[in-house]
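For the sequence shown, the residue numbers in my numbering are 1248 to 1617.
Note that the Cβ used here is the ideal one computed from N, Cα and C, for glycine as well.
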Amino acid sequence: MDKNILKNELSNYEIQMTSAERSKAYFNGEKVDHLPFNIMSLDLVYGMNMGYSLKETENIDNLIKIIEKRTEEYKIYGISEGLNLRAMGYALGSTGIFPENDTDHVDHYLMEDELNMDLLEIPDPYSNELLKKKLENAKKLKEHFPDHPISTFVAGPMSTAVAIRPISKLLRDLRKNPEGVKELLDFCVKANMAWARAFKKEFGPVKIMIADPVTCDDILSPKQIKEFSYPYLKKLTSNLYQLNEIKPDLHICGHTKKQWEDLKEFDIESFSVDNCHDLAQCKEKIQDKLSLMGNVPPVEVMRNGSIDDVIEAVKTCIKKGADNKNGYICATGCGTPAGTPKENIDAFVYAVRKYSKDAKIGQIPQTVYQ
């Protein structure tokens, strides 16, 4: 499909509900205008298509302009401010490099030389320079968009730890200093809870997304996951649920098939599955306990594919995931990368609106077969 034709087609599918109204009605078993959806990192890629560099999209004044424009165009309501995979590490003393148009990365770890817990103390989000700035940004967003629901995000304990200690050394520590690693992971839970409590104090109970790419089958063995990751990830999810009385969502990049049965025992509402897996297989394993999110390929399709590739990928995910007993959120399989063209964002929104029209939890929308 040509991008100009797509624009005209998209205008034929106006929404009837806000994002919050749709999600609430859908998970209450009511018919909705279309499936809930999530284009991960939408503001980043939308902002770059407005002409901002990746780094400039993080400026709060620029971000407000980005949110205003994407809300006007797509009627997507919602704002978020949180801690990416490395933010807590930076808050605690690791340092990073922040390119103009690429993902930041740690260049010096707080625990570069040794796993030394004496270097750590729980950061106060109201006085820690980095966390304070993020909290102030969240307040500015909420003041500017009072009608938008606000959410936050944190890294899982293992993924937080590798922003403090290099992953190669942390993996060695699993064998040579297991008790030290467990002490570090327990600290990571407490540090992220300090952020979550401050966020709740400012905004009330909110939805929280946890991203934990280190807890995948590609990096850790099943034994390591059960000994080192699960106890602390479970503690984090349970504490967040207790704090907000809203279950968090969980995204783990990479392969997770060996974990699907175990994840049903966590206090999470939805599991976001990477596009490296078959959505239907994941659905069969988790649908008795969890809702499902994913898994349109972010790189191969969203960034590098055509408009038609995006439409077909969304349709495929709807066919495979929409009859999940506990619900399905059509989403990218991970963060949408820098360089994703505007027409592919349009194509995603168009495909969801058209091919999941009149969605209802646990059912495949008949419009997907048109």
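{"query": "Extent of the continuous alpha helix (DSSP H) to which Met-1295 belongs", "result": "1289–1296"}
{"query": "Alpha carbon of Asp-1365 to alpha carbon of Leu-1431, nearest angstrom", "result": "11 Å"}
{"query": "Val-1557 vs Ala-1594 beta-carbon contact at 8 Å", "result": "yes"}
{"query": "Nearest-angstrom Cα separation, counted from Ser-1341 out to Val-1353", "result": "7 Å"}
{"query": "Stretch-stretch touch, CB-based, cutoff 8 Å, three pairs: the stretch 1584–1599 with the stretch 1264–1276", "result": "no"}
{"query": "Residue environment, Glu-1277, which counts as buried when at least 16 other CB atoms sit within 10 Å", "result": "exposed"}
{"query": "Status (buried if at least 16 other CB within 10 Å, exposed otherwise) for Ile-1344", "result": "exposed"}
{"query": "Where the beta strand (DSSP E) containing Val-1543 begins and where it ends", "result": "1538–1543"}
{"query": "Whether Thr-1407 touches Met-1295 by CB criterion (8 Å)", "result": "no"}
{"query": "Start-end ranges of the beta strand (DSSP E) lying completely within the stretch 1493–1528, minimum 3 residues", "result": "1496–1499, 1517–1520"}
{"query": "Close beta carbons around Leu-1301, own chain, < 6 Å, minus the five adjacent residues each side", "result": "Asn-1348, Ala-1585"}
{"query": "First through last residue of the alpha helix (DSSP H) which encompasses Thr-1583", "result": "Careful: Thr-1583 lies outside any alpha helix (DSSP H) and carries neither H nor E."}
{"query": "Secondary structure of His-1391, DSSP reduced to three states", "result": "helix"}
{"query": "Rounded C-alpha distance that separates Lys-1511 from His-1498", "result": "13 Å"}
{"query": "Candidates Val-1401, Asp-1433, Lys-1423, Lys-1454, of which the one nearest Trp-1442 by Cα", "result": "Val-1401"}
{"query": "Extent of the continuous beta strand (DSSP E) run through Ile-1565", "result": "Run containing Ile-1565: none in the beta strand (DSSP E); it sits in the alpha helix (DSSP H), 1554–1568."}
{"query": "Limits of the alpha helix (DSSP H) - the one that Phe-1274 falls within", "result": "1266–1274"}
{"query": "CB of Asn-1571 within 8 Å of CB of Gly-1541, strictly", "result": "no"}
{"query": "Cβ-based burial, Gly-1574 [other Cβ within 10 Å; buried from 16]", "result": "buried"}
{"query": "Distance between Pro-1283 and Ser-1266 (C-alpha atoms, nearest Å)", "result": "7 Å"}
{"query": "Rounded straight-line distance, which links the Cα of Gln-1506 to that of Gln-1534", "result": "14 Å"}
{"query": "Per-residue burial, Tyr-1373 [other beta carbons within 10 Å of its own, 16 or more giving buried]", "result": "exposed"}
{"query": "Pick from Glu-1320, Lys-1379, Ile-1608 that is closest to Glu-1328, judged by C-alpha positions", "result": "Lys-1379"}
{"query": "Chain-order list of residues whose beta-carbon lies under 8 Å from that of Asn-1424 (same chain, five-residue window excluded)", "result": "Leu-1362"}
{"query": "Own chain residues within Cβ distance below 8 Å of Lys-1473, not counting five before or after", "result": "Asp-1509"}
{"query": "Candidates Pro-1544, Cys-1435, Lys-1448: closest to Leu-1369 by CA position", "result": "Here the sequence assigns Ile to residue 1369, which means Leu is not the residue at that position. Of the candidates Pro-1544, Cys-1435, Lys-1448, the one whose C-alpha sits nearest the C-alpha of Ile-1369 is Cys-1435."}
{"query": "Residue from Gly-1403, Thr-1304, Leu-1382 whose Cα sits closest to the Cα of Thr-1350", "result": "Thr-1304"}
{"query": "Reduced DSSP category for Phe-1284 - H, G, I as helix; E, B as strand; rest coil", "result": "strand"}
{"query": "DSSP bridge partner residues for Ile-1455 (one or two, in chain order)", "result": "Thr-1399"}
{"query": "C-beta contact flag for Tyr-1324 and His-1391 at 8 Å", "result": "no"}
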